[in-house]
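These notes concern the structure reproduced below.
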Amino acid sequence: MSTDLLRYDRMVEAALRRVVRDALKEVQEHGLPGEHHFFISFRTQYPGVRMPEFLRAKYPDEITIVLQYQFYGLDVNDERVEVTLSFNGNHERLVVPMAAITTFADPSVNFALQFQPPDEEEAEEVVDEAAEEEAAPAAEDDDTPKQGGTVVALDAFRKK
Numbered sequence: 001m002s003t004d005l006l007r008y009d010r011m012v013e014a015a016l017r018r019v020v021r022d023a024l025k026e027v028q029e030h031g032l033p034g035e036h037h038f039f040i041s042f043r044t045q046y047p048g049v050r051m052p053e054f055l056r057a058k059y060p061d062e063i064t065i066v067l068q069y070q071f072y073g074l075d076v077n078d079e080r081v082e083v084t085l086s087f088n089g090n091h092e093r094l095v096v097p098m099a100a101i102t103t104f105a106d107p108s109v110n111f112a113l114q115f116q117p118p119d120e121e122e123a124e125e126v127v128d129e130a131a132e133e134e135a136a137p138a139a140e141d142d143d144t145p146k147q148g149g150t151v152v153a154l155d156a157f158r159k160k
């Protein structure tokens with residue numbers, strides 16, 4: 001694609017990812033209102049995704065997490081979402097770059113967004129940013145209870 005064209009596709013994608021970020025920030029600050037809950041699918045191999053290896057082995061390409069009842073330490077910024085969820089009775093911290101998210105849904109209001117994978121240039125930028133971040137000292141996790149979460153395979157929601 002020519003570099004002298006406006007990339008409306010990227011602009012729209014960025015705007016929709018801001019919707020996800022803003023919704024999650026709202027929950028970070030005020031908790032989940034009413035019946036709202038989120039299904040968030042993301043690519044497990046995307047640069048910058050941090051998750052337990054046993055989960056990555058079970059879900060090598062994509063995983064769906066549910067933020068509903070028991071999740072902890074939700075931390076959202078422009079680049080990523082961090083949250084602690086319980087897996088087999090153990091609390092595990094997940095770090096998910098916004099660009100790794102493939103689907104965001106709030107079934108309580110019949111709302112869903114689906115995202116396209118970034119092109120090669122965008123993915124390379126993320127790899128560079130992830131490498132820089134890995135070199136930075138890690139902050140301690142906030143294990144303050146907020147709400148809860150469950151892992152569900154995305155295939156459960158696809159039409160067969």
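According to the UniProt record's numbering, the sequence shown is numbered sequentially starting from 1.
We put the CB at the ideal spot given by N, CA and C, even for glycine.
Spatially closest choice to residue i from the options, by CA coordinates
i	options	result
PHE42	TYR72, GLU53, THR64	THR64
TYR72	TYR8, GLU26, VAL12, HIS91	HIS91
ALA23	ASP75, MET11, PHE87, ALA100	ASP75
GLU79	ARG7, LEU6, ARG21, GLU13	ARG21
TYR69	VAL12, ALA99, LEU85	LEU85
GLN45	ALA14, GLY89, LYS58	LYS58
VAL83	ALA15, VAL27, VAL12	VAL27
LYS25	ASN77, ARG56, LEU5, PHE87	ASN77
LEU55	GLY34, LEU32, ASP4, LEU94	LEU94
Beta carbon of residue i nearer than 7 Å to that of residue j
i	j	result
HIS36	ASP106	yes
PHE115	ILE40	no
VAL96	VAL81	yes
Contact belief for residue i with residue j at Cβ below 8 Å, rounded distance in angstroms
i	j	result
ARG17	MET98	5 Å
GLU53	THR102	Wrong, their Cβ atoms sit about 21 Å apart, outside the cutoff.
Would you check if the region 47-67 and the region 110-117 touch, i.e. whether three or more CB-CB distances between them fall below 8 Å? Contact between the region 110-117 and the region 47-67 is absent, because fewer than three Cβ pairs lie under 8 Å.
If you scan the region 3-89 from start to end, which runs of the beta strand (DSSP E) of 3 or more residues do you find wholly inside it? Complete beta strand (DSSP E) runs here, min 3: 38-43, 62-76, 80-87.
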